[in-house]
Amino acid sequence: MSGSRGEGRRREELLLEGKSAGGAAEALVAGSSSSSSSSSSSSSSSSSSSSSSESLAFLSPATQAVFAGGPSPEEEALRASESLLRGYLYGQLANVAKAALWWSSFGVLAASLAGAPLGVGALRGPFNLALLLLSPVASVAAERASVKTLLLSTTAARCLVWGLLVPAAWLAVYVHLNNPTLFLPLAGALAFLDGAHVAVANAVDADCGGLETLGQQLGAPLLGAPLGALGAPLWEALVERYGRLHRLVFDVSFVFFTLPVALALLFAAPFWPLPAALRGLLEAHPEAANRLAMIFGQAFVFSILSLLSLAFYAWGLSGGPPGGPPGAPAPGP
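Last residue of the sequence shown: 333 (UniProt numbering), numbering continuous.
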């Protein structure tokens, strides 16, 4: 009886051991299957990502950036390179305000310098002659020389002519020596010199293709190539935006800049502090005292705007082509 009970217990123990072993085996099989499924899923995801990257590998970097949802390399380069163009833009805006003042007041200024309407022809003739003769040469010079150098030299020369030489010649020759006959040829020569520099400056101005020329000379810092190589749509959009701003400032300056400046110079003329020698000279020539405000006031404003342009050109145009000094022209093909 006791022997049969012992055999029954042993059978129960064997059954329990078999069940536990079977559970462990099932758990092992389940774990291995889950790990294999996870590894297969990870391998499939990695293969899919690698396949997607391989599928975009034949596209250009700009197109890949579009598919990735970010800006293209050209857009990044253009954004970083706009800082190189701001100096040119701000210098041009000061220059265009100066041009509006100069063109609107040239007739009155020339008549004031000569003391008669004859001065308009005496100054306009040599100025136009210089433009006619030197404009073709200026276009060739703009293609070969540095835009920055041309902007600095022409702006400085015009500042010297109208800010110093013309008023000094009028005061010394016309007023002090009382020799209008000698002053008119001298003023005409200075006007011809100014026209020569305007011919060169026109070739690099924003409204005459200067931005395109500058884009071929200033290197884009991220691309290592001229700015004009950033792609037609991006570059044309930038040129159009700068052109609209240039035209807007030029048109607005005729109404909202030249008129207030003229009125300010007119009302401030009696309060100008003059040196004793100049005051005595004007007392001896009272007819010249009435023209002093126009001549020296225009020279003062012209000089201030020229100095602003020079500052923007000198410190703003700091970029250069790869492998060349700042502001140097890009190497030819």
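Backbone N, C-alpha and C define an ideal beta-carbon position, used for all residues, glycine too.
ask   = If we call anything under 8 Å between Cβ atoms a contact, is G243 one with D207?
value = yes
ask   = Taking all protein chains shown into account, do 16 or more other C-beta atoms lie within 10 angstroms of the C-beta of V137, making it buried, or fewer, making it exposed?
value = exposed
inquiry  = I need the DSSP call for L308, collapsed to helix, strand or coil.
reply    = helix
ask   = Given F312, which residues of its chain have a CB within under 6 Å of its CB, disregarding the five upstream and five downstream residues?
value = G87, Y90 and G91
ask   = Fully enclosed by the region 145–197, which alpha helix (DSSP H) runs are 4 residues long or longer?
value = 147–160 and 166–169
task = Following the continuous alpha helix (DSSP H) through F267, name the residue where it begins and the one where it ends.
result = T258 to A268
task = Give a yes or no on whether the C-beta atoms belonging to G316 and L265 are separated by under 8 Å.
result = no
query = In its own chain, which residues sit with a C-beta less than 7 Å from the C-beta of S104, not counting the 5 before and 5 after it?
reply = F254 and T258
Between the CA atoms of G215 and A191 - distance to the nearest angstrom = 31 Å
query = Should the region 113–129 be called in touch with the region 176–192, which here means at least 3 C-beta pairs below 8 Å?
reply = yes
message = Going by DSSP in three states, L109 sits in which element: helix, strand or coil?
response = helix
task = Return helix, strand or coil for L274, following the three-state DSSP convention.
result = coil
inquiry  = In whole angstroms, give me the CA-to-CA distance for A130 and S139.
reply    = 14 Å
query = Is DSSP giving G209 helix, strand or coil here?
reply = coil
inquiry  = Using only the alpha-carbon positions, how far apart do P329 and T154 sit?
reply    = At P329, the pLDDT of 42 sits below 50, so the modelled position is not reliable; the number obtained from the coordinates is stated separately. If you take the alpha carbons of P329 and T154, they lie about 17 Å apart.
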